[in-house]
Each structure stands twice: as C-alpha cells, then as structure tokens.
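First the structure, in the form of structure tokens, and then the observations on it.
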Amino acid sequence: AVPAYPPPESEEEESWVWSQIKAEARRDAESEPALASYLYATVLSHPSLPRSLSFHLANKLCSSTLLSTLLYDLFLASFSANPSLRSAAVADLLAARQRDPACASFSHCLLNYKGFLAIQAHRVAHLLWLQHRGPLALALHSRVADVFAVDIHPAARVGKGILLDHATGLVIGETAVVGNNVSLLHHVTLGGTGKAVGDRHPKIGDGVLIGAGATILGNVRIGAGAKIGAGSVVLTDVPPRLVGGKEKPARHE
Amino acid sequence: AVPAYPPPESEEEESWVWSQIKAEARRDAESEPALASYLYATVLSHPSLPRSLSFHLANKLCSSTLLSTLLYDLFLASFSANPSLRSAAVADLLAARQRDPACASFSHCLLNYKGFLAIQAHRVAHLLWLQHRGPLALALHSRVADVFAVDIHPAARVGKGILLDHATGLVIGETAVVGNNVSLLHHVTLGGTGKAVGDRHPKIGDGVLIGAGATILGNVRIGAGAKIGAGSVVLTDVPPRLVGGKEKPARHE
Amino acid sequence: AVPAYPPPESEEEESWVWSQIKAEARRDAESEPALASYLYATVLSHPSLPRSLSFHLANKLCSSTLLSTLLYDLFLASFSANPSLRSAAVADLLAARQRDPACASFSHCLLNYKGFLAIQAHRVAHLLWLQHRGPLALALHSRVADVFAVDIHPAARVGKGILLDHATGLVIGETAVVGNNVSLLHHVTLGGTGKAVGDRHPKIGDGVLIGAGATILGNVRIGAGAKIGAGSVVLTDVPPRLVGGKEKPARHE
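The following block contains the structure:
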C-alpha cells in the first residue's frame, strides 16, 4: 500500500505532492467553472510538477522582449537536469502548508504565492550564475524584481523548505547565505552596511524566523533557530535559538 | 435644482461623482491629445462608474491565463448586484480627495491610485470568499499582490471611505478587520505574531490613521480615531483617539 | 587619442558610456545566445543611448491602454529636446557602477535596475509636470508605481548621479527635493507628516545616503553628506555630514 505521506526528498514525495495538486485543481475546476480553463492551462494539462511550474513561471515572468518560450525551455531544462531543484520546490510547498495558517492547499501555493514562485526562479538564476551565465541570471533576477517585488541576487545561496510569507519587498544581497527551513516575512532585508565590499551580507542559520520588515545588515551570523522581531535592525551576530532584535516591539507596546 | 453635493451613499452621489469624472476626463482629453484614446477607453466610452471601473480593473489585473473578459464580467456582475460595493467605491474616491493633498481629481484616483484599485478588487474577492468561491477569490488576491504589491487576504473585512496612500507593500491578514474612514499608509502590516492560529490579526477602529511602515501584529484592537506613528511596532491594544506607537519617531528626532 | 574617461556631463561622456554599453551587449550576446535577440532589441539595434533607453522604458511601462508607441515617442522627444535629461541618465549609470558593488556593468544597470529606469521615467514625468501636462505626468507616474513599485510624485525635484539601490517601495512626495549624488536604499520614504499642506516634504542635500527602510517625514532638511541609518524615523533637520537616525540600529545590536 502507498504510504499516506512518502519519505522526504524522494521522487515519491514529488509525485505525491503533484497528485495532490492535480486533485485540488480538478476539484476547483469543477466547483468554479470560471477558473476551469486557467487551471487546465496551468496545472491539469501538464504531466508533471516541473512542467506545470515551468509553464506558470514563464507566463508570469515573460515580457515583450523576453519571450515565454525561452523562459519555459530554460526552467524546464534546469528542473529536469537538477533533481535538487525539484526536491527544494517540494520542500517549499510543504513548508507553506505547515507554517502558514493561510495556506489552504498545495495548488494555492503553486499558483498564487509570489514568494514561492520567486524562490523557484531564484534557484534557476543561481544555477545560471554558478554556470558563469551571469547576464541571463541577472535578466531573470530583474524580471522577478519587477513582477514580484522580490529582489534576491542570483549569487545568494538559499536552502530548501523556505517560506517567503507575503514576500513583497524582500531583499537578499549577493553574498548572503540562507539555511534550510527558514521563514522570512515581507520587507525583510539581508543587506550590506555600505561600508564593505566582498563578503558583506548576513548568514542565516537553519530554522530561523525573521519578522516583517526586519533589516539585517553586514556579514553577521543569525544562529540556527533564532527568531528576529518584526521591524528590528540587527547589526551583530545573534546566537542560536535566541529571540533577537526584540527590543523594538517591546518598547512600542 | 440639483444640490451641489448630493446626500452620502445615495445613487445620486454615485452619479454626481461619475459626472465629475467624465467632465475631468473630457477636459484632460482636450488638453492632452496623447491621452485622448486612453481616456476614451477607460472612462469616456463607459455609461457608468461600475462599467468604467470594471474595465480598468480587468485590464490592470488580467494575464495571459486569466483573461480580461472573465475579470470584466466578474467585476461588473459583482458591482451590479451589490450597491454597497458601489457606494464603498464612491466613499473611497471622496476619502482620497478629502484626505490626500496630492489627489487632484476623482479621475486621477480612479485611474492612477493603485491603493484605490486594490481595495475595489479586494471587495470583489471578499464577496467571492463569502460565497464559498475561495479559489477564484485567491486567484484575484494573487493578481492584486503581483500587479499592485498590495496583499489583502480575501477573508479580511474592510470598511468604506478607505485611503490606501501610496499603497505599495501593504499587508492585511486573513482575520483582520478594518473600520470605516481609515487611512493606511504604504508598508503597513496588519499581521499575525506567528504564535497563534484562528482569529490572529488586528482589529482597526473607525477613523484610524496608521503611518508608513507601521507593523501591527496579533489580535489587538486599535481604538476609533487613534493615530499610529510611522515605523512603529504595535503588539497591544491602543485606546481610542490615542496617539500610539509614537515612541520610535520621538527617539529618532 | 580619445581619453580613457571623458569629461563629465559632456556629449563625449554620453557616447563613451554608450560605446561601453554596446560592447558589453555584444559580448553578452555572443556568450549567451539565449539573450541575443533580447540584447539586439533593447541595445544593439539602437543608434544611441536615448533611443535604447526610450525603447526599453516604453516596453516596460506600456499597457493595453497606454501603448508602447506613445510612450516611446514621448521618451525620445523628451530626451532629444533636453540634454540635461541625458547627462543625468549618464550620471546615474556612473553612480551605480561607482557606488553599488553588485553593479557589474553599465548595460546591467540600463537593462535590469528598476531604480535606474524609474528615475529616468520620473525625469520625463517631471518635465511634463513643469509643462503643465499634469494628467500625462500622473499617468506615467502611475505606471512606474505599478511596474517598479517606485512612487515618485512628478512634482518632486531630483538631482543627478542618483542611486536607487533595489528601489522597491521607495516613496518620494510631491514637494520633496533630492540633491545630486544621493543614494537611497529600498523602502525609503520622503513623506509628509499628514498634518501640513503645501510645502510638506523633506529636502535632501547633495551626497546624502539614506539606509533601507528609513522614513523621513515633514519639511525637514537633511544636510549635505549626512548618512541616515536603516530603519530610522527622522522628523527633524539633520546637520551636514552627521550620521543621523542611528539610534535605532544601535539599540538593536
């Protein structure tokens, strides 16, 4: 018998999530005929999660000069050649369901979460960056910044199981590193102080939660499991599991 | 004789505002021929405010997979069947003229204010939500978040006479409630603390003003007429008419 | 012999920068065939910087009702008739290369920096404003706010050599003045207090640096060379060369 929940990071997990998404889309297309052709084009006509995701991303990010066909081929080739990109996407879908009380279904996240879509596009841009294809990586980065108002430099290294909640205004600089299972709220900045060149951006440990509008500047370390308060400005290391940058909310109660 | 200013929330008020908008558009089309066909398409070719607004919203929010015809029909059906949506739109237009010194005309607000357009689309998404049409409500919500960088969950209840000034980056969570005649500046968050599920977002009283970048978290009450300072973080109730969250600006003078 | 670096604000400087951009685009088109037709359309097919920039801006900012041909003609006419707009664009390109460690080339800035593109469109909108063509200026302003999430009122006066780093969420109000060689990070607000009408927005001196998310409100003066800390709220004058609004980061270390 098929397990109720397949082992993490397996091909089974990807096909399980994809079967959930298709079932959700079929249910929604039946209950809402106005969405049927949209759900067919974005989900139901595709044989796999990478194809659906590539189609959806290409349509969101294309422009009159950067064609959807070019982007679709680029995304699909990247997802096909790199199983780790696919397992990261699956881990992000699971993270949204588990950590965001407003996330009602996998298909909702796949179709509607600009943070989810921005991070998948970033992973492809990062791959291009590592392959010394900087101009294409930066063109993709620019489209993500325009369309989603999410600005992640292609050189930034980002883990899996990431939740970018609301996502608008997120900025992650060139030499930043973000661990696994990190949640970043909207308007978070992982930026430079403006005084340094080279390795100048924050390093965020596994399982960190950074509240809305928090600004973390410089090559500082936020230890695993730390929580950074909304609206705080953090310029030094925060130890693991500490609740950091909390003074500001406390003072403004 | 027709009164100079009709009674609030009447059909007369809607047709008075619409006649103002048409007169402004005619004047602008004459003085600026480059805009004539734009103003004809968005305002002058339409027989009523709901039709003009539905056309404009559909054009702004459509995509290659979510067609403008579908959105136009959806908006027009919603505005036609719900006079309260129309009177709320009129109240929002009046609020922009009365409270925003940079708002030069009703047509400027109708055509150019992303905050005004986002809130009209939200009211339709909220109606769909109440009709148990969640998937369509969330698809519309997602388009508003992409196009305007304004993220209002379809379940959030929002009053009338609302001014979303500048609007970029506004986030209003699922169980938030916003009263009448409220002004919210850009980058305002009415969010959750991340610790609660269920009813977890702020309740904003009538006539409240919330400054740019203020972050209000949790199921707290901001009393009627309160003013919340720019950049403040508010985690507890604020009594009516109080100037709350003001410490931060005071300390940074 | 042609100097390695031409005199500032000369026609030579513009043609030098343009020749750099063309050489970069040729190199990128060769190394990345997937971008060749994009680079041909945006850069290589154009005989001058103003034509390339006008084409790129028109394509980014057009909509189904505001056609790219209209915008292209408007931008090109403005750049052709106003050498100061062209020299300001060149100064902005140089500022990005000099002040942003992540800016790898002039063509990267021209094609991908939404802050650079937003400020060029603003200068045209400001010109229209001065020519009493308010409705067209505001329509352009609105498109920039939608497409780039950058909101600069057409009446605001902005100098040259401006770096809008990341740019998302920037708001500059109607009566604000920004000097030359100013760097503004993302989410910066130069806004009003909501209590005043008329001349109610900040005046920013030459060479000022304003950190991410700083909120400066009211008709206050930020003196030349001052640095304003990320996330700070500033409600009073800051003397020249002072590091202002720094308390907040200090308290949240």
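Protein sequences, first through last, are from chains A, B and C. According to the numbering used here, the first sequence is numbered sequentially starting from 80. According to the numbering used here, the second sequence is numbered sequentially starting from 80. According to the numbering used here, the third sequence is numbered sequentially starting from 80. We treat Cβ as the ideally placed atom computed from N, Cα and C, and that holds for glycine.
| Query | Result |
| --- | --- |
| Listed by chain order, chain E residues near C:V226 by CB distance under 8 Å | Considering every chain present, this structure includes no chain E. Its protein chains are A, B and C. |
| Cut-off 7 Å between Cβ atoms - residues of its own chain near B:P129, not counting five sequence neighbours on either side | L155, F158, S159, R165 |
| B:S94 - partner residues in DSSP beta bridges | Looking at the DSSP assignment, B:S94 forms no beta bridge with any residue, so it has no partner. |
| Assigned exposure category for A:L209 - 16 Cβ within 10 Å defines buried | exposed |
| Inter-stretch contact at 8 Å, needing at least 3 Cβ pairs: the region 179–194 of chain C / the region 168–180 of chain B | no |
| Contact with chain A by B:P319, beta-carbon distance below 9 Å | no |
| Coarse secondary structure for B:D278, derived from DSSP in three states | coil |
| Coarse secondary structure for A:I289, derived from DSSP in three states | strand |
| At least three beta-carbon pairs within less than 8 Å, the region 311–325 of chain B to the region 86–100 of chain C | no |
| Reduced DSSP category for B:G323 - H, G, I as helix; E, B as strand; rest coil | strand |
| Neighbour list for A:D107 in chain B, Cβ cutoff strictly below 9 Å | G213, P214, L215 |
| Interface partners of B:S221 on chain A, CB under 9 Å | H187, L190, N191, Y192, K193 |
| Segment contact flag, the region 193–207 of chain B with the region 191–203 of chain C, C-beta cutoff 8 Å, min 3 pairs | no |
| Partner residues on chain B for C:V276, Cβ-Cβ distance less than 8 Å | P180 |
| Counted within 10 angstroms of its Cβ, other Cβ atoms place A:T24 as buried (16 or more) or exposed | Summary: the structure shown does not reach residue 24 of chain A, with chain A confined to residues 80 through 332, and so no result is reported for it. |
| Separation of B:G292 from B:A309, as counted between CA atoms | 6 Å |
| Opening and closing residue of the alpha helix (DSSP H) in which B:S143 lies | No alpha helix (DSSP H) contains B:S143, which DSSP labels as neither H nor E. |
| Residue of C:V226, C:G304, C:A104, C:D152 minimising C-alpha distance to C:L288 | C:G304 |
| Euclidean distance between Cα positions of B:A115 and A:L269 | 45 Å |
| Given 8 Å, three or more beta-carbon pairs between the region 230–243 of chain A and the region 252–270 of chain A | yes |
| Distance between beta carbons of A:K239 and A:D152, contact taken as under 8 Å | Not a contact, Cβ separation roughly 24 Å. |
| Contact set between C:V237 and chain B, taken where Cβ atoms lie within less than 8 Å | Correct list: empty, because the minimum Cβ distance to chain B is about 16 Å. |
| Near-chain B residues of the region 258–286 of chain C (beta-carbon distance less than 9 Å), N- to C-terminal order | H266, T268, G270, G271, T272, G273, A275, V276, G277, R279 |
| Identity of the residues DSSP links to C:I307 by a beta bridge | C:I289, C:G323 |
| Residue nearest to B:R279 in terms of C-alpha spacing, selected from B:N259, B:G258, B:T254 | B:T254 |
| Collapsed DSSP secondary structure at C:S184 in the structure displayed | coil |
| Between the CA atoms of C:Y119 and B:T144 - distance to the nearest angstrom | 28 Å |
| Close Cβ partners of C:E90 (< 7 Å) along its chain, the five nearest in sequence each way excluded | none |
| Inter-residue CB distance, C:R236 and C:S142 (contact presumed, cutoff 8 Å) | In fact, because the Cβ distance is near 27 Å, the residues do not count as touching under 8 Å. |
| Contacts that B:Y151 makes with chain C (C-beta to C-beta distance below 8 Å) | In chain order: nothing, as chain C lies at least about 12 Å away. |
| Backbone CA spacing between A:G302 and A:V313 [nearest angstrom] | 13 Å |
| Separation of B:L140 from B:D225, as counted between CA atoms | 9 Å |
| Spatially closest choice to C:T137 from C:P126, C:L149, C:S127, by CA coordinates | The amino acid occupying residue 137 of chain C in the given sequence is Ala; Thr does not appear at that position. Looking at the Cα atoms, C:L149 is the closest of the given residues. |
| Whether A:G248 touches A:A228 by CB criterion (9 Å) | yes |
| Cβ-based burial, C:T315 [other Cβ within 10 Å; buried from 16] | exposed |
| Of the listed residues A:G284, A:S110, A:K274, nearest to A:V256 (C-alpha basis) | A:G284 |
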